[in-house]
Every structure is written in structure tokens, then in C-alpha cells.
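Read the structure below first, then the notes.
Protein chains: 2
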Amino acid sequence: MKVIEAVEALAALAQESRLVLFRMLVQAGKDGVSAGELSEKLGIPPATLSFHLKTLVHAKLVKSRTEGRFVIYSANYAGMDKLIAYLTEHCCAGDAAQCAPVKKC
Amino acid sequence: MKVIEAVEALAALAQESRLVLFRMLVQAGKDGVSAGELSEKLGIPPATLSFHLKTLVHAKLVKSRTEGRFVIYSANYAGMDKLIAYLTEHCCAGDAAQCAPVKKC
DNA sequence: TTAATATTTCCATAATATTGGAAATATAGA
DNA sequence: TCTATATTTCCAATATTATGGAAATATTAA
Chain A
155 MKVIEAVEAL AALAQESRLV LFRMLVQAGK DGVSAGELSE KLGIPPATLS
205 FHLKTLVHAK LVKSRTEGRF VIYSANYAGM DKLIAYLTEH CCAGDAAQCA
255 PVKKC
Chain B
155 MKVIEAVEAL AALAQESRLV LFRMLVQAGK DGVSAGELSE KLGIPPATLS
205 FHLKTLVHAK LVKSRTEGRF VIYSANYAGM DKLIAYLTEH CCAGDAAQCA
255 PVKKC
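Chains as they are written, first to last, in this note's numbering: chain A, 155 to 259; chain B, 155 to 259.
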């Protein structure tokens, strides 16, 4: 993962609405949630939510599929894995023993 | 870790100069690096760098100590651990098997 | 085809973040 | 004390991001 990609993924999560949104999608699992349901549950107007979803999709943390008139969004676990791997690597660089997450494993 | 704290830590890292800066501090280890040396190595003017350092310190990802006229900055591994733990938890919530970082452990 | 529903794009406004020169602050040494 | 060095704060310009109403697009069902 390149620095720019990491920055984009971090920026996508560095906003309260989007972090809450992402958590909701992670909890929803593979089935995902429609844009409308997300808008309603989060109390965010459709246009605003669409902007945030686009940001997360572009950062490869969320994916979408179309089902009829509905667009279903779901967490992209692979993208999140890459981000966590990047952070873990750079957190531990030079001295792995300093990094608790690795010690715990 | 609360959502707001996670957002602040993510935002602190979601900027290229700061992510590169943080990586440099992680690699430098406990000894840390002075503000001036960071400014020179990164090619960022002192005032701008000071702004970025303040952002990282406020997010608890970096700490500083004063040595004479110098201010030495170093990575706060504990803070980074908390962020990674938060992300790992919320990445895996609901179905731990989906999350590669956990499977690898 | 027409009406209803779902979502996105367009656009303007508002809010927040970034940048860096210049001045202010702080410490060390002569 | 005076000067040099290190860093931060102040401040204003610039850039980026967030917000949401209204219009546009797309699909379904009647």
C-alpha cells in the first residue's frame, strides 16, 4: 500500500458520519444495507449520505451492488485489512516489540 | 476509545506530510528527533511543521520533551496501539473470521 | 406510457484545514 | 546582558471538505 492510498483510506474514516456509517456496514455483514435505509438510520439526508458513501467506495473501504431500484452498500473487509496492515507495519517498524497489537498475537 | 477520539487520530494521520512525519518518528524510535531536524529532513518550513506536530500531539500519536533549546518529538506507540485496536475491533465486529489481521494471529 | 420510488449529481453555501512569513517566546553560551 | 539559535504563535491567504435542496437519472409496477 502506498502512502497516498493510506492517506485516502484514513481520510475516508476520519469523519464522524463516515466512521459511524462504516461501523454500521461492518456490523451489517455481507448482506449490506441499502442507501435509503442508511440515510434513515443515520438521519443523514440522501444527498449528503451519497457524498460520504462515494468517499468510502473511492477509498476501497466499501463496495456497492445494485438490486433493482436499490443500491446495497457493504463493508470491503479486504480494503480495511490493507489499511490495518499498513498501520501495523509502520507502527512497529524498527522495533516490533514496542507495538502491543503484534505482541498480543 | 470513543468515536470522536478515533476520528481525531485518523484525521491526524490522514494527511501526507503528517503520515510521512509519523513514519519518520516511528523509525527513529524512543530517542526521537528534534523539530528542526524534522523540518530540514522533510523540507517543511518550521511554522508549518509545528502546526502538523501539534495536530499529532493533540491526537496522542506523538509526544514531545524539551532538551535545552531543542524540542524532541517521538512516536507515542500506546496511542497508535489504541487506534489499531479500535479499527481491528470495528473491522471484525459481528464476524471475526472475515478479518484477515485476526486470522493471521 | 405514466406514476411512484430510490439514488445520484449539480450547485452554492458554509465550515474546516493547510500554508508559511513575520513576530514572539525561550534557552544557551559569550 | 547581549547575541545566536530553536521553536512556537499569530495571522491572513488559499485550498479542501461537508452540507443539503433541487433537478436529473434509473428502475419498477400499474
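Where is the CB? At the ideal position from N, CA and C, for every residue including glycine.
Under a CB-based cut-off of 9 Å, is residue 216 of chain A close to chain B? Looking up residue 216 of chain A in the first sequence gives position 62. Contact of residue 216 of chain A with chain B is not assigned, every C-beta pair being separated by 9 Å or more.
Would you mind listing the beta strand (DSSP E) stretches within the stretch 208 to 250 of chain A that are 3+ residues and don't spill past its ends, in chain order? Taking 3 residues as the minimum length, the beta strand (DSSP E) runs contained wholly in the stretch 208 to 250 of chain A are 216 to 221, 224 to 229, in order along the chain.
Rounded separation between residue 169 of chain B and residue 165 of chain A - CA only: Walking along the second sequence from the start, residue 169 of chain B turns up at place 15. Walking along the first sequence from the start, residue 165 of chain A turns up at place 11. Cα-Cα distance, rounded: 8 Å.
Closest by C-alpha distance to residue 158 of chain B, when choosing among B:245, B:237, B:243: Locating residue 158 of chain B in the second sequence gives position 4, where the first residue counts as 1. Of the candidates B:245, B:237, B:243, the one whose C-alpha sits nearest the C-alpha of residue 158 of chain B is B:237.
With 9 Å as the C-beta to C-beta threshold (strictly closer), list the residues of the stretch 185 to 202 of chain A near chain B in chain order. Taking 9 Å as the upper bound on Cβ-Cβ separation, chain B lies near no residue of the stretch 185 to 202 of chain A.
Under the rule that 16 or more other beta-carbon atoms within 10 Å means buried, what is residue 222 of chain B, buried or exposed? Taking the second sequence and counting its residues from 1, the one referred to as residue 222 of chain B is at position 68. Exposed.
Close Cβ partners of residue 200 of chain A (< 6 Å) along its chain, the five nearest in sequence each way excluded: Here residue 200 of chain A is taken as the residue at index 46 of the first sequence, counted from 1. Within the same chain, residue 200 of chain A has close Cβ partners 193.
Taking C-beta to C-beta, are residue 133 of chain B and residue 206 of chain B nearer than 9 Å? Residue 133 of chain B lies beyond the residue range present for chain B, which begins at 155 and ends at 259; the question has no answer from this structure.
Can you have a look at residue 156 of chain A and say buried or exposed, based on whether 16 or more other CB atoms are within 10 angstroms of its CB? For the purposes of this step, residue 156 of chain A is taken as residue 2 along the first sequence, with counting starting at 1. Answer is exposed; the Cβ neighbour count stays below 16.
Decide if residue 175 of chain A is buried, meaning its Cβ has at least 16 other Cβ atoms within 10 Å, or exposed. Numbered from its first residue, the first sequence carries residue 175 of chain A at position 21. Only buried fits residue 175 of chain A, as 16 or more other CB atoms lie within 10 angstroms of its CB.
Can you check whether the C-beta of residue 242 of chain B is within less than 9 Å of a C-beta belonging to chain A? For the purposes of this step, residue 242 of chain B is taken as residue 88 along the second sequence, with counting starting at 1. Taking 9 Å as the threshold, the shortest C-beta distance from residue 242 of chain B to chain A falls below it.
Can you check whether the C-beta of residue 176 of chain B is within less than 9 Å of a C-beta belonging to chain A? Counted from its first residue, the second sequence places residue 176 of chain B at position 22. At a cut-off of 9 Å between beta carbons, residue 176 of chain B contacts chain A.
With the cut-off set at 9 Å, would you say residue 228 of chain B and residue 182 of chain B are in Cβ contact? Your numbering for residue 228 of chain B matches position 74 in the second sequence. Your numbering for residue 182 of chain B matches position 28 in the second sequence. Contact flag set, yes.
May I ask which residues mark the beginning and end of the alpha helix (DSSP H) holding residue 181 of chain B? The residue you call residue 181 of chain B lines up with position 27 of the second sequence. It spans 170 to 182 - the alpha helix (DSSP H) in which residue 181 of chain B sits, taken as one unbroken run.
To the nearest angstrom, how far is it from the Cα of residue 210 of chain B to the Cα of residue 230 of chain B? Sequence index remark: in the second sequence, residue 210 of chain B carries index 56 (1-based). Sequence index remark: in the second sequence, residue 230 of chain B carries index 76 (1-based). One C-alpha to the other measures close to 10 Å.
Any beta-carbon of chain A closer than 9 Å to the one on residue 234 of chain B? Here residue 234 of chain B refers to the residue found at position 80 of the second sequence. With 9 Å as the cut-off, residue 234 of chain B counts as an interface residue toward chain A.
Can you grab the Cα-Cα spacing for the pair residue 226 of chain A / residue 219 of chain B, in whole Å? Position 72 of the first sequence, counted from the first residue, corresponds to residue 226 of chain A. Position 65 of the second sequence, counted from the first residue, corresponds to residue 219 of chain B. Residue 226 of chain A and residue 219 of chain B have their C-alpha atoms some 49 Å from each other.
Opposing strand residues paired with residue 188 of chain B [DSSP bridges]: Start at 1 with the first residue of the second sequence, and residue 188 of chain B comes out as number 34. As a beta-bridge residue in DSSP terms, residue 188 of chain B pairs with B:226.
Mind listing the chain A neighbours of residue 157 of chain B? Cutoff is C-beta to C-beta under 9 Å, in chain order. In the second sequence, the residue the question calls residue 157 of chain B occupies position 3. Chain order gives the chain A residues near residue 157 of chain B as 170, 173, 174, 177, where near means a beta carbon separation below 9 Å.
Do you know how far the Cα of residue 217 of chain A is from the Cα of residue 185 of chain A? By 1-based counting over the first sequence, the position of residue 185 of chain A is 31. By 1-based counting over the first sequence, the position of residue 217 of chain A is 63. So the alpha carbons of these two residues sit roughly 11 Å apart.
Under 9 Å from the C-beta of residue 210 of chain B: neighbouring residues of chain A: Within the second sequence, residue 210 of chain B is the residue found at index 56, counting from 1. Chain A residues near residue 210 of chain B: none, gap ~13 Å exceeds 9 Å.
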